[in-house]
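Participant:
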Amino acid sequence: MALFVGIRLGASAGLLGGIWDAIIMRTVDLLLAFPILFLLIACIAMFGSEINVLVLILVMTSWMDLARIVRAEVLSLKQRDFIKSAIALGFSKRRILFVHLLPNLFPPIIAIAVLRIADIILLESSISFLGLGVQPPGISWGTIIRDGRDVLATAWWITAFPGLAITTTTISFHWIGGGIRKAVG
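Under the numbering used here, the first residue of the sequence shown carries the number 119, and numbering increases by one thereafter.
1. Go to Leu174, then tell me how far its alpha helix (DSSP H) extends in each direction, as first and last residue.
2. Between the alpha carbons of Gly266 and Thr277, how many angstroms are there, rounded?
3. Would you grab the beta carbon distance between Gly124 and Ala185 for me? Rounded to a whole angstrom, and I think it's under 8 Å.
4. Run through DSSP, which three-state label would Arg234 get?
5. I'd like to know whether the C-beta atoms of Val252 and Glu242 end up nearer to each other than 9 Å.
6. Beta-carbon within less than 7 Å of Leu176's beta-carbon, same chain only, minus the 5 sequence neighbours each way: which residues are those?
7. Examine the Cβ distances between the stretch 155-166 and the stretch 222-231 and report whether three or more of them are shorter than 8 Å.
8. Please report the residue range of the alpha helix (DSSP H) in which Asp147 lies.
9. Do Ala131 and Met143 have their beta-carbon atoms positioned less than 9 Å apart in this structure?
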């Protein structure tokens with residue numbers, strides 16, 4: 119869902135320009151001015167920490183950087199000859215977006231999406247560690263680490279292995295995202 123929101127708003131801002139670009143990008147700037155973790159905590163305090171609400175909050179706080187990158191890519195692609203030709207031929211903005219822009223946006227979007235998975239895992243683990251995320255009987259690496267704090271001196275593995283799993287998973291997603299980014303140019 120975050121991909122859909124980020125792509126839609128970023129592409130709209132880049133393609134339409136003018137007042138829409140200003141409104142969307144100032145909203146992105148405003149939301150990016152707050153640390154995401156604090157924004158998550160505030161939203162959880164307002165709406166609760168049920169798993170559905172948590173997923174929705176993670177989605178709604180994860181689209182801003184994607185929108186900014188998609189907008190920059192659209193602005194760059196608008197300067198290319200094939201887009202200028204489509205505009206000169208009178209193609210609708212919708213056709214230009216779906217036929218010419220989106221296929222050229224997918225490689226960087228895929229790389230960014232893989233990197234965002236790692237970020238979302240870290241965010242979810244962080245808020246669960248703080249006791250605001252997934253609540254028992256739900257399972258989260260952050261919750262397991264929080265519960266293992268009390269017995270860290272005698273049963274260190276309760277905390278170590280979930281921490282290692284978080285580290286391994288996020289590093290793996292970053293390597294995959296970096297590899298995709300290098301592969302697509």
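C-beta atoms are modelled at their ideal positions from N, C-alpha and C, and glycine is treated no differently.
Facilitator: From the atom records:
1. 169-178
2. 5 Å
3. 4 Å
4. helix
5. yes
6. Ile238, Leu241, Glu242
7. no
8. 136-150
9. yes
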